[in-house]
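Whatever position you read off the sequence shown (first residue = 1), add 3 for our numbering. C-beta: ideal position from N, C-alpha, C; glycine also. Here the structure comes first, spelled out in structure tokens, and everything after it is commentary.
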Amino acid sequence: MPTPPGTSRTTHAFSWRFVTPLLTGSAINAINSSLIATALVPIAAAVHVSVGRTAVLVSALYLASAVAQPMGGKLAEEFGPRRVFLVGVLIVLAGGTVGGVGQNLTGLVVARVLIGVGSSAVYPSAMLLIRRRAAAAGLNAPPGGVLGSLMIAGAATSALGLPLGGVLVDAWGWRTTFFINLPFALLALATALFWIPSDLPVEGPRTSREVAARLDVAGIVGFGGAMAALLVFLMGLPHPDWIALGLAVLAGTGLVWWELRASRPFFDVRLLGTNLALTRTYLRFALAGLCVYTVLYGLTQWLQAGRGMSSEKAGLLLLPMSALSALLVRPISQRNLVRMPLVVAAVSCLAASAGVLALTTSTPIAWIVVITLVFGITLGTTISANQTALYTQVAADQIGTAAGLFRTFGFLGSIASSALISIVFHTQVNDHRLHVIALIMVIVSVLGLLIVVTDGRIMTQAPVRRDDPPAGQPRRPDHDGEVPAGSDRDTDPRRAGTGTQISGSRQQPGGGESL
């Protein structure tokens, strides 16, 4: 029988000392994604630019994070997750300091890029550390409680950025939205140094050419160029930059051509083509992210422009949504649930999007809170279920890059929501334009629901094989010749799990499920 999550083996392997730096570091990127929103107006006044130009501070973090998430995962796989984690935290420290003392817009943009790059190295490194430690502990099932905590500290805290930013700016000024990174980064750095075991010495090629081939630097550059051009196009809407779109298509085509021929591809195109379950996980997360981020930013703008709310009050109105999502994540993740949470996420997203169609400036606040709470259900169920699905859909030596791409698709959803809001609210914010956004969200939600209910792998879960040996004991190799995680192939927690793969469907005691 597989070792169920929540047992003494899981508790021993994932002590609070090991988990604390991972959670602290993972919160940095999520909070920064929305923290700056309430500071744009005072920043514009302080550095003497228009408010419109400060939007680059938002897109800079999006771009840096979208590119750096999978890159951080690739580096962690090649050079050790603890090393990459520590370097990422140091970069965040530098970014928070540069932004806190910045005197012009250029310096603040550099700071946001540093924060985006540094914080993006944390999540994929954490996923790789968790996967290897679980394999070393002989856990056949994903450590659901740990994964749930990671998502609470990450995506589920993103809504906190708006109210937190409003409080910080009102109390101590816009510079605190940069300085707030310092205590988080220092805590993550100190705890990681003392409580995360050191990585093993780096093996393999050492020359610059060999290292470049090992990392697939050309693939990283191509991916970064394609993402940058695509984001420039999306962030420029409703004034499309067709040159940027053309460059995105050219760079994307070149990336696919190169990666199909690379021996160790950074962006594994074949994996997305052959592992359709993983591709669907990415797509589900992006579509749900589009709707949730549209609520975070679009509904906030409508509350301020249509109902005259302050940014602080509008942000606080979304706190129940964030709290509910955090409450849902942990029990779902602890039981490694996938099928039912994904169905609930899709249905709740559709219902809440339809509810936005009924909103007007005279709608009682209580009804608005109810709608955001339903979106809280969407957020909590989708992030927990999709992360568990991701954990079981890729080999252990690919989890870093795969986890980074998971976050990248989430950022694509948020960027698409920003483009949607910019187009519809370009000239005026009113009830009619909010309803146009809601209609688009309904269409996106229907698409997300169809992806879930037509997915045979999710909708037909097989029970666990009762002849499975206890975790930590060897068994017959899987169909691809690899020994499953938890075997006696490698018991070093710093390398355990490398090259292994969780395969097949698992039904945990007590009703838990995973792909």
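With contact counted as at least three CB pairs below 8 Å, one residue from each stretch, are the stretch 327-344 and the stretch 178-188 in contact?
no
Helix, strand or coil, according to DSSP, for A140 in the structure here?
coil
DSSP on H482, reduced to helix/strand/coil?
Any reading at H482 must be qualified, since the residue scores a pLDDT of 37, below 50, and its modelled position is unreliable; the value itself is stated next. If DSSP states are grouped into helix, strand and coil, H482 belongs with coil.
Exposed or buried, what is F197 when buried is set at 16 or more other beta-carbons lying within 10 Å of its beta-carbon?
exposed
Go through its chain and collect everything with a Cβ distance to L353's Cβ below 7 Å, but skip five positions before and after it.
V445, S448, V449 and L452
Spatial neighbours of G484 in its chain, beta-carbon cut-off 8 Å, leaving aside the 5 residues before and after:
At G484 the pLDDT is 34, less than 50, meaning the model places this residue with poor confidence; the figure from the coordinates comes in the next sentence. Nothing meets the Cβ criterion.
Along the chain, where does the alpha helix (DSSP H) containing E80 start, and where does it finish?
V59 to F82
What three-state label does DSSP hand G176 in the structure shown?
coil
How should T391 be labelled, buried or exposed, when 16 other C-beta atoms within 10 angstroms of its C-beta is the threshold for buried?
buried
Name the residue from A349, A191 and G403 whose alpha carbon lies nearest to the alpha carbon of A30.
A191
Which of helix, strand or coil DSSP assigns to F428:
coil
Does DSSP put F226 in a helix, a strand or coil?
helix
Inter-residue Cα distance where the pair is L382 and G110
34 Å
Work out the CA separation of A326 and F88 for me, nearest whole Å.
27 Å
From the DSSP output, in three-state form, read off V170 for me.
helix
When burial is assigned at 16 or more other CB atoms within 10 Å of the CB, is I46 buried or exposed?
buried
Close Cβ partners of P323 (< 8 Å) along its chain, the five nearest in sequence each way excluded
V372, T375, L376 and G379
Which residue from R115, L26 and V456 puts its Cα closest to that of G148?
L26
Between G309 and the rest of its own chain, which residues show a CB-CB distance below 8 Å, the 5 nearest in sequence each way excluded?
T364, V432, N433, D434 and L437
Just the C-alpha distance for S201 and I402, rounded to the nearest angstrom, thanks.
19 Å
Grouping DSSP H, G and I as helix and E and B as strand, with all else coil, what is F414?
helix
Check whether the Cβ atoms of G222 and L258 sit closer than 8 Å, and answer yes or no.
yes
Taking R287 and T385 to be in contact with their CB atoms under 8 Å, please state how far apart those CB atoms are, rounded to whole angstroms.
7 Å
Helix or strand or just coil, what does DSSP make of S37?
helix
Roughly how many angstroms lie between the CA atoms of G415 and W175, to the nearest whole one?
Correcting the residue identity first, residue 415 is Leu in this sequence and not Gly. If you take the alpha carbons of L415 and W175, they lie about 32 Å apart.
In or out: V104 buried (at least 16 other Cβ within 10 Å) or exposed?
exposed
Beta-carbon proximity check, A2 vs A124, cutoff 8 Å:
In this structure the chain extends from 4 to 518, so residue 2 is not present and cannot be described.
Can you tell me which of G413, F269, I418 and S421 puts its alpha carbon nearest to the alpha carbon of P73?
F269
Using 8 Å as the threshold, is the C-beta distance between M230 and L393 below it?
no
Straight-line gap, S2 to L442 (C-alpha atoms, nearest Å)
Look at the range of the chain in this structure, 4 to 518, and you will see that residue 2 is not part of it.
Comparing alpha-carbon positions, which option in S68, K77, V50 and V22 lies nearest A405?
K77
Taking DSSP as the reference, what is the three-state secondary structure of Q307?
helix
Three-way DSSP call (helix, strand, coil) for F21 in this model:
helix
With a Cβ-Cβ cutoff of 8 Å, do R333 and S36 count as a contact?
no
G148 by DSSP, collapsed to three states: which one?
helix
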